[in-house]
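Following: one structure in structure tokens, then a few remarks.
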Amino acid sequence: MILKTVFVFIFGTCVGSFLNVCIWRLPRNKSIITPRSFCPHCQTSIKGYDNIPLISYLALKGRCRDCGKRISPRYFIVELLTGMIFALFYFNYLLGNFPLGELFLYLLLASALIAITFIDFEHKMIPDRITYPGIVIGLLASLIIKHQAPFILSHIPRVDSLIDSSLGLLAGGGILWTIAILSRGGMGGGDIKLGAMIGAFLGWQPTLLTLLLAFFAGAVVGIILMLLKLFTSKSLKAAWRKRKEFIPFGPYLALATLAIILKGQAIMGWYFRIF
Ligand SMILES: [Zn+2]
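Quick note: the sequence shown uses numbering that gives the first Met the number 0, first residue 0, plus one each step.
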């Protein structure tokens with residue numbers, strides 16, 4: 000069991016290595032297939048033995064072998080994070096929290112969310128080249144893999160997976176779209192498509208919970224950051240105007256999605272105990 004989890008972790012770091020390529024290339028409208036990995040500074044292509052996840056970064060002390068310039072720690076962080084998330088999901092599968100089919104679906108979704116989070120942080124945009132295929136994959140996967148977990152509102156009968164997936168797409172995309180209209184620019188088009196993609200993967204019930212959790216987390220962090228900003232700007236109005244600069248919404252959605260997949264029922268129980 001430990002050996003298998005370690006293997007899945009290593010596999011995850013390899014996926015993370017590919018996600019690093021996507022994170023750098025997708026916002027720059029470059030192909031993610033060709034050419035092979037290269038140093039962002041000197042464009043020298045990276046040799047196979049320098050492309051081992053985690054280990055190469057440590058061995059080269061975060062520098063390019065050819066030009067010696069610093070390589071962003073993001074490369075290491077994404078590989079480690081992806082490996083850890085893969086291991087965590089696999090561990091939950093071993094515990095019987097979801098079946099094998101859903102494990103694959105969740106790993107795919109998590110990979111997309113990791114790439115989106117880091118792109119959104121850096122470029123304040125979410126590429127359609129992830130969300131559009133994501134929506135289609137989420138819908139098609141529901142034909143093969145029955146939605147089961149997280150099974151939250153158990154008194155509502157579960158609908159057919161494809162219908163559930165479509166409802167999730169409409170709920171996730173529709174709610175964020177409505178907020179975008181009402182807030183006039185408070186929510187970007189990329190966020191709407193991301194909501195639709197998450198909905199297509201999870202179905203409507205977990206999607207609603209994900210949105211709630213993302214807003215809650217966004218509000219809490221937003222208030223904390225705004226209070227911190229108050230000490231420097233001394234004006235609440237200026238701080239409120241600047242709130243969009245703080246942090247994009249994509250990462251909240253991504254984090255909330257992973258939390259709902261892994262701990263949906265616990266979060267739901269916690270919510271009902273408080274309110
Ligand atoms: Zn270089």
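C-beta: ideal position from N, C-alpha, C; glycine also.
Q) Is Arg128 helix, strand or coil when you go by DSSP? A) Reduced to three states, the DSSP call for Arg128 is helix.
(Q) Within the continuous alpha helix (DSSP H) that includes Asp163, where are the two ends? (A) Per DSSP, Asp163 belongs to the alpha helix (DSSP H) from Ser160 to Ser182.
Q.
Assuming contact is defined by CB atoms lying nearer than 8 Å, are Phe103 and Ile22 in contact in what I supplied?
A. The answer is no: Cβ separation not under 8 Å.
Q | Lining residues of ligand 1 - beta-carbon closer than 7 Å to any non-hydrogen atom, in sequence order | A | Working through the chain, the matches are Cys38, His40, Cys41, Thr43, Cys63, Asp65, Cys66 and Lys68.
Q) Expressed to the nearest angstrom, what Euclidean distance is found between the alpha-carbon atoms of Asn91 and Phe230? A) Spanning the two alpha carbons is a distance of roughly 43 Å.
Q: On the DSSP bridge assignment, give the partners of Ser110 in chain order.
A: Looking at the DSSP assignment, Ser110 forms no beta bridge with any residue, so it has no partner.
Q: Drop a sphere of 10 angstroms on the beta-carbon of Asn19, count the other beta-carbons inside from all chains shown, and report buried for 16 or more, exposed for fewer.
A: Buried, because 16 or more other Cβ atoms sit within 10 Å of the Cβ of Asn19.
Q) How is Phe6 classed by DSSP in three states: helix, strand or coil? A) Looking at Phe6 - three-state DSSP - the assignment turns out to be helix.
Q. Buried or exposed: where does Met196 fall if 16 or more other Cβ atoms within 10 Å of its Cβ makes it buried?
A. Buried is the call here.
Q: Report the three-state DSSP secondary structure of Met0 (helix, strand or coil).
A: Assigned with DSSP and collapsed to three states, Met0 falls in coil, not helix or strand.
Q: State whether the region 61-79 contacts the region 38-46, with contact taken as three or more CB pairs (one from each stretch) at a distance under 8 Å.
A: The region 61-79, when compared against the region 38-46, does touch it at the 8 Å Cβ threshold.
**Q.** Which listed residue (Gly95, Ile54 and Phe8) has its alpha carbon closest to that of Ile84
**A.** Closest option to Ile84, Cα to Cα, is Phe8.
Q. Is the region 134-144 close to the region 177-185, with three or more CB pairs under 8 Å?
A. When Cβ pairs closer than 8 Å are counted between the two stretches, the region 134-144 is seen not to touch the region 177-185, the count staying below three.
Q. Between Gly172 and the rest of its own chain, which residues show a CB-CB distance below 6 Å, the 5 nearest in sequence each way excluded?
A. Same-chain partners within the cutoff: Ile191, Gly194 and Ala195.
**Q.** Opening and closing residue of the alpha helix (DSSP H) in which Thr81 lies
**A.** Residues Arg73 to Leu93.
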